[in-house]
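Peer 1: Following this message is one structure expressed as structure tokens.
Protein chains: 2
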Amino acid sequence: MARVHNFSAGPAALPEAVLRQAQAEMLEWNGVGASIVEISHRSAEFMEVAARAEADLRTLLSIPDDHAVLFLAGGATTQQALLALNFAGPGQAVDYVVTGHWSKTAIKQVKPYVNVHVAASSEAGGFTDIPPRDTWQLRADAAYVHITANETIHGVEFRDTPQVGKVPLFADFSSSIASEPLDVSKYGLIYAGAQKNLGPVGVAVVIIRRDLLERAGQPRAEIFDYRAHVARDSMLNTPPTWNWYLAGLMFRWMLDQGGVSEFARRSAAKSQLVYGAIDSSGGFYRNQVVPAARSRMNIPFFLPDQTLTARFLIESRAAGLIGLKGHKAVGGLRASLYNALPVSDAQALVDFMREFQQRNG
Amino acid sequence: MARVHNFSAGPAALPEAVLRQAQAEMLEWNGVGASIVEISHRSAEFMEVAARAEADLRTLLSIPDDHAVLFLAGGATTQQALLALNFAGPGQAVDYVVTGHWSKTAIKQVKPYVNVHVAASSEAGGFTDIPPRDTWQLRADAAYVHITANETIHGVEFRDTPQVGKVPLFADFSSSIASEPLDVSKYGLIYAGAQKNLGPVGVAVVIIRRDLLERAGQPRAEIFDYRAHVARDSMLNTPPTWNWYLAGLMFRWMLDQGGVSEFARRSAAKSQLVYGAIDSSGGFYRNQVVPAARSRMNIPFFLPDQTLTARFLIESRAAGLIGLKGHKAVGGLRASLYNALPVSDAQALVDFMREFQQRNG
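Chains as they are written, first to last, in our numbering: chain A, 53 to 413; chain B, 53 to 413.
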């Protein structure tokens, strides 16, 4: 089978050029006589790979010098727990805005440590909108305000950065980072599992405004201490070197393609194609998110019944489109349109959707 | 440059056959039309890879059914912190035996959470021996006893499993797991970063006696809860799929090669070659560990002066032997002889050592 159109929500499609380079270097990296996955993280060779990846990510996202960048093992969930441990005292107030499944997961991770307050929630409406900023009930003594920039399961995305005053804004950008220009200086902390828009699974990126590292936080192991990780350039312990290397290849590819403004253009094009097919289907396909809050990254959509949904999954797979099953929390179908997915793949999906409707509508 | 003899301490050499398979499958895994790193961890395809890896590891290590097996992101250090959080109450007694650098790191991770007691230490003697069992001062009320089965930096290895009575024995096996038969039933918990004897960096294996999961532990995020990970088959969050897959290829390779009894034979042969070259050098090469505690996995050794050490590193590299620099904590040289390293590589090192001594001795 040839490579297919891959709409997986994460782990997700990688650029073929990145995979080809990793393949070519799998037994022997850059003249060292071994794979990059076989050499010390403290070797001059890997240190250069690591530094280059950070420099490229800083260029890609225009990260200011007063923000530190970490590459840490695992995904976003571990970071969610570390937010409270590092930046809030025991039982201190923290404010969370709830816009879907991942906002709730973020709260679950910090509940043992802090006084969590839901400042706003769109749960009553089935997570189909972002709560208007003027309805948020923020507390002046909160250690931080947390938002989920894009909800991978519910398909809801913040389309601008909310103003939250002097309290630092923390954001889970796992599924939308590097898909459009971002003013990092507006955030106290940004975190993202890499397996959607940044590259491979197994490594997370954390971008922290350095002055926040002075906070005492609460008792924690050294391995849970962001300050210790920053002091050791993410090499406090053995980092996931291969994953870091592959993310670096992806950063370089993204820069070569034109950077985040180009990915903003492509994301708009891809998501307009798919929403267009849904909205022009006369109700055959449905997406319930209000247009202003629709995600450019993850588009959940629904057919009239489960028989058609099952048929859609089988036939789309046979047509070379995979990863379209909706998350079990909401069911239905979902198309994820991350940076590595070409516009032509979104077009292929839309062509299939129209053809499927003609046969089954 | 061709592939070299790689004595790295971790990340370390992988079998060429494993790398070649990963290379062949990099763009397209098993007919799915995408790389294994590009598909959902909840897809039927990856679930099968994950289940196969666990089954093969259970066979390889003869893990009894009353022990659970986890595959978790990151390395051993995170697990060190989780031991206290999951198995000891706040401030409860835990006993640690200190035999080198990594024992001390293990203590550092739990100090914020529990009452740590050093039951025995070989630090006064420069970590050249294992403290005799009859000198250990164990506490009957300890939540567990912790040992480091092999010290990667100091080159000291437990050559049998100590008896510790009714208190569960926990062990860091990062650098010696699967290198010889092991009676898992004697341990309450075994953990290991995979990047030495089990495969790639970025994933850790944790083997837990299931009855211990009933312990309350102390307040912690769900992502730090072993019970939650066991309940979800290590898929509480997105696991490091590629790393898990590569570890699985390594497990299969180890089984195909003859399993742990074969690796015990090879480890004995490799380490006897290198210790033999040291001990027969008339003091030109020195290793200070008492013979009964010498590691079969990591052999630190020293030349008469730093000029010779620097020359050895440059010339050995030119001769196609890499990863021989000692850890900065102890200096000198170090040869790591993990499962993926062929006996012929140890012979190549010994040949080089003898030739180097003839020119410089």
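For glycine and all other residues, C-beta sits at the position ideal for the given N, C-alpha and C.
It should be emphasised that the depicted structure is a prediction, and the values quoted were computed from it without experimental measurement.
B/Gly414 versus chain A: which residues are under 8 Å apart at the beta carbon?
Peer 2: Nothing about residue 414 of chain B can be reported from this structure: the residues present for chain B run from 53 to 413 only.
Peer 1: Report the neighbours of B/Thr204 on chain A: residues whose CB is nearer than 8 Å to its CB, in chain order.
Peer 2: Per Cβ cutoff of 8 Å: no residues; B/Thr204 is ~11 Å from chain A at best.
Peer 1: What residues in the stretch 54-81 of chain A have a beta carbon less than 8 Å from any beta carbon of chain B?
Peer 2: Flagged, chain order: Ala54, Arg55, Val56, Asn58, Ser60, Ala61, Gly62, Pro63, Ala64, Ala65, Leu66, Glu68, Leu71, Arg72, Ala74, Gln75, Met78, Leu79 and Glu80.
Peer 1: Output, in chain order, the set of chain B residues within a Cβ distance shorter than 7 Å of A/Val253.
Peer 2: Within 7 Å Cβ-Cβ: Val89, Thr290, Pro292, Thr293 and Trp294.
Peer 1: Start and end of the beta strand (DSSP E) containing A/Gly245?
Peer 2: Unbroken beta strand (DSSP E) run through A/Gly245: Leu241 to Gly245.
Peer 1: Along the stretch 142-166 of chain A, where does the CB come closer than 9 Å to a CB of chain B? Name the residues.
Peer 2: So the close ones are Thr157, Lys160, Gln161, Val162, Lys163, Pro164 and Tyr165.
Peer 1: Taking only runs that begin and end inside the stretch 208-293 of chain B, name each unbroken alpha helix (DSSP H) of 4 or more residues, in chain order.
Peer 2: Fully enclosed alpha helix (DSSP H) runs of 4 or longer: 278-283.
Peer 1: So who's on the other strand from A/Ala172, going by DSSP bridges?
Peer 2: Answer is A/Val149, bridged to A/Ala172.
Peer 1: Alpha carbons only, please: which of B/Thr151, B/His198, B/Val253 and B/His169 is nearest the one belonging to B/Glu175?
Peer 2: Residue B/Thr151 is the option with its Cα nearest to B/Glu175.
Peer 1: Mind pulling the chain A residues with CB within less than 9 Å of B/Thr130?
Peer 2: Result: Ala125, Gly126, Thr130, Ala273, Ile275, Phe276 and Asn289.
Peer 1: According to DSSP, which residues form a beta bridge with A/Ile374?
Peer 2: A/Asn58, per the DSSP bridge assignment.
Peer 1: With B/Ser323 as the anchor, note down where its alpha helix (DSSP H) starts and where it stops.
Peer 2: Where B/Ser323 is concerned, the enclosing alpha helix (DSSP H) stretches over Gly311 to Asp331.
Peer 1: Could you check what DSSP says for A/Ser114 in three-state terms: helix, strand or coil?
Peer 2: A/Ser114: coil per DSSP, three-state reduction.
Peer 1: What would DSSP say about B/Ile366, mapped onto helix, strand or coil?
Peer 2: Residue state, collapsed to three classes: helix.
Peer 1: Across the stretch 131-141 of chain B and the stretch 160-167 of chain B, are there enough close Cβ pairs to call them in contact, namely three or more that are closer than 8 Å?
Peer 2: Touching, per the Cβ criterion.
Peer 1: Go to B/Ala387, then tell me how far its beta strand (DSSP E) extends in each direction, as first and last residue.
Peer 2: Here the beta strand (DSSP E) through B/Ala387 covers Leu385 to Ser388.
Peer 1: For chain B, check one thing: does any of its Cβ atoms lie closer than 8 Å to the Cβ of A/Ser92?
Peer 2: Cβ-Cβ to chain B under 8 Å: yes for A/Ser92.
Peer 1: In whole angstroms, what is the alpha-carbon distance linking B/Ala256 and A/Arg185?
Peer 2: The alpha-carbon atoms of B/Ala256 and A/Arg185 are separated by roughly 42 Å.
Peer 1: Do we get a CB-CB distance below 8 Å when we pair B/Ala398 with the residues of chain A?
Peer 2: B/Ala398 does not count as touching chain A.
Peer 1: Please report the distance separating the alpha-carbon of A/Ala195 from that of A/Leu298.
Peer 2: Between A/Ala195 and A/Leu298, the C-alpha separation is close to 34 Å.
Peer 1: Does A/Gly375 come within less than 8 Å of chain B when only Cβ atoms are used?
Peer 2: Yes, A/Gly375 counts as interfacial toward chain B.
Peer 1: Establish whether the CB of B/Gln247 and some CB of chain A are separated by less than 8 Å.
Peer 2: B/Gln247 counts as touching chain A.
Peer 1: Can you pull the chain B neighbours of A/Gly383, defined as C-beta to C-beta under 9 Å?
Peer 2: Result: empty, since nearest Cβ-Cβ is about 14 Å, beyond 9 Å.
Peer 1: How many Å lie between A/Val208 and A/Thr180 at the Cα?
Peer 2: Their Cα atoms are separated by approximately 7 Å.
Peer 1: Could you name the residues of the same chain whose beta carbon sits closer than 6 Å to that of B/Gly254, not counting the 5 residues immediately before and after it, in chain order?
Peer 2: Taken in chain order, the residues that qualify are Pro292 and Asn295.
Peer 1: Identify which residue in A/Ala125, A/Phe123, A/Leu124 and A/Glu106 has its Cα closest to the Cα of A/Pro116.
Peer 2: The residue with the shortest Cα to Cα distance from A/Pro116 is A/Glu106.
Peer 1: Nearest to A/Ala192 by CA position, among A/Asp147, A/Lys156, A/Ala230 and A/Glu100, is which residue?
Peer 2: Minimum Cα distance to A/Ala192 is reached at A/Asp147.
Peer 1: Residue range of the alpha helix (DSSP H) that B/Leu200 falls in?
Peer 2: Note on identity: in this sequence residue 200 of chain B is Thr, with Leu being the wrong assignment. Premise fails: B/Thr200 lies in the beta strand (DSSP E), Val197 to Thr200, not in any alpha helix (DSSP H).
Peer 1: Between B/Glu203 and B/Ser332, which are expected to be in contact by the criterion C-beta below 8 Å, what is the C-beta distance as a whole number of angstroms?
Peer 2: So it is not a contact: roughly 25 Å between Cβ atoms.
Peer 1: Against chain B, does A/Gly328 count as a neighbour if the rule is that its beta carbon must be under 8 Å from one of theirs?
Peer 2: Output row for A/Gly328: interface = no.
Peer 1: Does the distance from the CB of A/Pro220 to the CB of A/Leu241 come in under 8 Å?
Peer 2: Closer than 8 Å, so yes.
Peer 1: By Cβ distance below 7 Å, which residues in the same chain neighbour B/Phe404 in space, the five residues on each side in sequence not counted?
Peer 2: The answer, listed in chain order, is Ser368, Ala371 and Leu373.
Peer 1: Taking Cβ positions only, does A/Ala171 come closer than 8 Å to chain B?
Peer 2: Taking Cβ atoms only, chain B never reaches closer than 8 Å to A/Ala171, which makes this a no.
Peer 1: So which of B/Val341, B/His119, B/Pro67 and B/Ala54 has the shortest CA-CA distance to B/Leu393?
Peer 2: Of B/Val341, B/His119, B/Pro67 and B/Ala54, the residue nearest in Cα terms is B/Pro67.
Peer 1: Starting from the beta carbon of B/Ala133, find every residue of chain A whose beta carbon is closer than 7 Å, and list them in chain order.
Peer 2: Neighbours of B/Ala133 on chain A, chain order: Ala273, Ile275 and Phe276.
Peer 1: Does the beta carbon of B/Ala362 come closer than 8 Å to any beta carbon on chain A?
Peer 2: Not closer than 8 Å to any Cβ of chain A, the Cβ of B/Ala362 fails to qualify, so no.
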